[in-house]
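Student:
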Amino acid sequence: MEAASPDGLGPGTLLGAWKLEGRVGRGTYGAVYRAALEGKEEAPKVALKLAVHPRDERFEREAELLSRIRHPRVPKLVGRGVWEGGPWNLPYPYVVMEWVEGMGLYEWGRQRNPSSRQVVQVLAQLAQALGATHGVKGLHRDVKGDNVLVGPVGEAWLMDFGCGSYEGARPLTEGPLAPGTRPYRSPQALRHLWEQRKGGKAYEARAADDVYALGVTAYRLVTGQYPPPGTDLEAKQAKRQGGGVMRAPAHALNRRVSRELSALIERMLEDAPEKRGGARELGQALERVAQRGGAEEDLPLQGGVAHSAPTVRVPVRSTGAPRWRGLALVVPAGVVVLAYLLVAVSARYIPDGSWKLQPDAGLEDAGRVGLADAAVETAIASRADNVELGESWQAVSLDMPKGPLKGQKRAPCRPKWEVEVSKACWVQVGTASPPCGNDWYEWKGFCYVPVIAPERPNTSDGQ
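With the first letter of the sequence shown counted as 1, position 129 gets the number 129 in UniProt numbering; the numbers rise by one all the way through.
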């Protein structure tokens with residue numbers, strides 16, 4: 001009889017004191033089973049996560065991190081152990097956690113059609129869970145919708161700490177980046193990947209990277225698409241390479257998103273890590289918005305009627321945290337991004353909130369990202385002044401000029417994604433259609449941003 005593999009164990013299999021009831025999921029590093037204590041099937045169920053690779057040290061690190069975190073929105077560690085089996089009777093570690101009932105965050109968004117207030121309440125819980133993680137010098141490092149579960153009354157859990165780490169933990173992976181999921185990488189991580197593309201030191205993730213990933217998660221939840229990477233390279237790099245990719249705020253893509261929620265998402269997506277704020281302070285700001293918001297906060301994001309659910313409150317300590325102000329319409333300059341993120345430039349203006357959130361089909365799971373993902377230099381640029389988002393913002397369009405703007409790149413236009421119009425180079429903003437807003441230019445039914453001409457190096461002697 002062929003020995004069972006760790007991801008193919010049947011109901012009734014014993015792992016230590018735990019009796020498996022069935023497999024419920026499988027990821028890059030582990031298989032998740034529903035289980036119960038042997039002989040005590042009436043006791044609360046647990047989630048048993050078993051490594052699919054023998055001697056995988058990630059599981060010990062995950063268990064250690066979970067043992068340090070004490071927060072109602074992070075699954076409690078129940079136990080840990082080692083299963084010896086498989087074709088060669090090798091040791092496979094496992095972690096046992098409390099069982100959580102819920103649906104994935106993006107599935108929740110599709111099925112429940114939440115309002116901005118309900119989204120804010122979910123984000124507040126996740127931010128507080130991240131704050132508790134950061135409070136014990138830990139990092140999640142793979143925050144995304146697939147790692148969030150939402151319960152029937154709006155309670156949210158931050159799941160899967162398999163990519164997590166903590167201060168003093170030994171690195172387990174080689175290469176410039178730790179495991180993670182590509183569209184949720186911070187601008188700092190993407191720059192590091194480019195700078196170290198030929199080998200070098202590993203990127204040192206920070207709490208601000210988790211906050212940025214939460215911002216990407218929130219942006220996708222309320223708009224149905226990923227934001228472009230928020231890059232703002234140092235002045236020297238900007239002069240040498242060009243400008244950055246424009247990001248529309250969430251409420252410009254879906255007018256049913258409240259201004260306050262949109263501003264908080266923009267804050268999480270700030271290029272500068274210090275401008276994002278801490279996760280705990282973010283959670284407090286989100287909770288304040290949930291408590292005081294007006295009728296705008298209760299519009300269902302997809303039109304129709306939002307499914308109501310009891311309010312889930314996260315306790316907030318009054319710490320006099322600074323108010324989170326409205327943010328800029330445009331992410332400032334930056335150019336070095338991964339090729340796969342170019343698709344994130346797409347931005348549809350959806351006035352009635354009739355977008356449909358799609359699953360993360362085709363996305364590689366955490367831990368499968370490497371230098372095979374080609375990196376390119378993008379000369380997509382539009383350096384615009386920051387515009388405060390207020391009630392005066394209107395959905396208008398700028399007319400295409402009859403010639404190049406000052407500082408704009410002139411024809412010939414290369415690479416292939418640049419478009420020549422009136423002897424100047426432009427980039428189409430995905431499938432965005434007019435009205436294009438105050439910072440995009442309309443041409444032939446689409447929206448465009450200018451490409452900034454890179455500054456040529458001074459080759460004079462003595463420079």
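All residues carry an ideal CB built from backbone N, CA and C; glycine is no exception.
Would you kindly check if the distance between the Cβ of Arg68 and the Cβ of Val136 is under 7 Å?
Tutor: Cβ distance < 7 Å, so Val136 and Arg68 count as in contact.
Student: DSSP state of Ala328, grouped into three classes?
Tutor: At Ala328, the pLDDT of 28 sits below 50, so the modelled position is not reliable; the number obtained from the coordinates is stated separately. The answer is coil: DSSP assigns Ala328 none of H, G, I, E or B.
Student: For Asp146, which of Leu214, Ser258, Ala178 and Lys201 has the nearest alpha-carbon?
Tutor: Leu214
Student: Using the Cα positions of Arg247 and Pro404, report the straight-line distance between them to the nearest angstrom.
Tutor: Take the alpha-carbon of Arg247 and the one of Pro404: they are about 22 Å apart.
Student: Would Arg141 and Ala205 qualify as a contact pair, given that the criterion is a beta-carbon distance under 7 Å?
Tutor: yes
Student: Who are Pro93's beta bridge partners in DSSP?
Tutor: Val82
Student: Can you give me the C-alpha to C-alpha distance between Val119 and Gln225, rounded to a whole angstrom?
Tutor: 16 Å
Student: With 7 Å as the threshold, decide whether the Cβ of Leu123 is near any Cβ in chain C.
Tutor: Judged by its chain identifiers, the structure shown contains no chain C, having just a single protein chain.
Student: Give me the Cα-Cα distance between Glu57 and His192, rounded to the nearest whole angstrom.
Tutor: 25 Å
Student: Any idea what DSSP makes of Arg70, helix, strand or coil?
Tutor: coil
Student: Can you tell me which of the three DSSP states Gln302 falls into?
Tutor: coil
Student: Over what stretch of residues does the alpha helix (DSSP H) that includes Pro54 continue unbroken?
Tutor: Run containing Pro54: none; DSSP gives neither H nor E here.
Student: For the putative contact between Ala129 and Leu158, defined by C-beta atoms under 8 Å, what is the C-beta separation to the nearest angstrom?
Tutor: 4 Å
Student: Between the beta-carbon of Leu286 and the beta-carbon of Ala127, is there less than 7 Å?
Tutor: yes
Student: In the DSSP assignment, the alpha helix (DSSP H) including Glu281 goes from what residue to what residue?
Tutor: Ala279 to Arg292
Student: Spatial neighbours of Gly22 within its chain, please: C-beta separation below 7 Å, excluding the five flanking residues on both sides.
Tutor: Pro11, Tyr33 and Arg34
Student: I believe Gly283 touches Gly131 by the beta-carbon criterion, under 8 Å. Please report the beta-carbon distance rounded to the nearest angstrom.
Tutor: 6 Å
Student: If you draw a straight line from the C-alpha of Gly102 to the C-alpha of Glu418, how long is it?
Tutor: Their backbone Cα atoms lie some 44 Å apart in a straight line.
Student: Restricting to Cα atoms, I'd like to know which of Ala207, Tyr184 and Pro176 is closest to residue 516.
Tutor: Here the chain comprises residues numbered 1 to 463, so residue 516 is not present and cannot be evaluated.
Student: Suppose the cutoff is 6 Å on Cβ atoms and the five residues either side in sequence are ignored; what does the same chain contact list for Ala218 look like?
Tutor: Leu123 and Ile265
Student: Compute the minimum distance between the beta carbon of Ala35 and the heavy atoms of the ligand COA, and state whether it is under 6 Å.
Tutor: Judged by which ligands are present, the structure shown has none, so any question about the ligand COA falls away.
Student: Helix, strand or coil for Asp210, going by three-state DSSP, please let me know.
Tutor: Helix, per DSSP.
Student: If you follow the alpha helix (DSSP H) that Lys275 is part of, which residue opens it and which one closes it?
Tutor: Lys275 -> alpha helix (DSSP H) spans Pro273 to Arg276.
Student: Assuming Ser115 and Pro300 are in contact, meaning their beta carbons sit under 8 Å apart, how far apart are those beta carbons, in whole angstroms?
Tutor: So it is a contact: roughly 6 Å between Cβ atoms.
Student: Given Val82, which residues of its chain have a CB within under 6 Å of its CB, disregarding the five upstream and five downstream residues?
Tutor: Here Val82 has Pro91 and Pro93 as same chain residues with Cβ atoms under 6 Å from its own Cβ, once five neighbours each way along the sequence are excluded.
Student: Just to confirm the assignment: which complete beta strand (DSSP E) runs, minimum length 3, are found wholly within the region 149–226?
Tutor: 156–158
Student: Does DSSP put Val119 in a helix, in a strand, or in coil?
Tutor: helix
Student: Suppose you measure from the CA of Lys423 to the CA of Arg410; what does that come to, to the nearest Å?
Tutor: 6 Å
Student: Using a 10 Å radius around the Cβ and a threshold of 16 neighbouring Cβ atoms, would you call Val24 buried or exposed?
Tutor: exposed
Student: Count the other C-beta atoms from every protein chain shown that fall within 10 angstroms of the C-beta of Val331, then say buried if there are 16 or more, exposed otherwise.
Tutor: Interpretation of Val331 is limited by its pLDDT of 30, a score under 50 that renders its predicted location unreliable; no figure is taken from the coordinates.
Student: Can you tell me where the alpha helix (DSSP H) holding Ala250 begins and where it ends?
Tutor: Ala250 to Leu253
Student: Tell me the residue span of the beta strand (DSSP E) that contains Leu37.
Tutor: Gly30 to Leu37
Student: Got a sec? Which residues, its chain only, sit under 8 Å from Ala43 by beta carbon, not counting five neighbours each side?
Tutor: Ala36 and Leu37
Student: Which residue comes first and which comes last in the beta strand (DSSP E) that contains residue 464?
Tutor: In the structure displayed, the chain extends from 1 to 463; residue 464 sits before or after that span and is not available.
Student: Helix, strand or coil for Asp142? Go by DSSP, reduced to three states.
Tutor: coil
Student: Please state the DSSP three-state secondary structure of Leu65.
Tutor: helix
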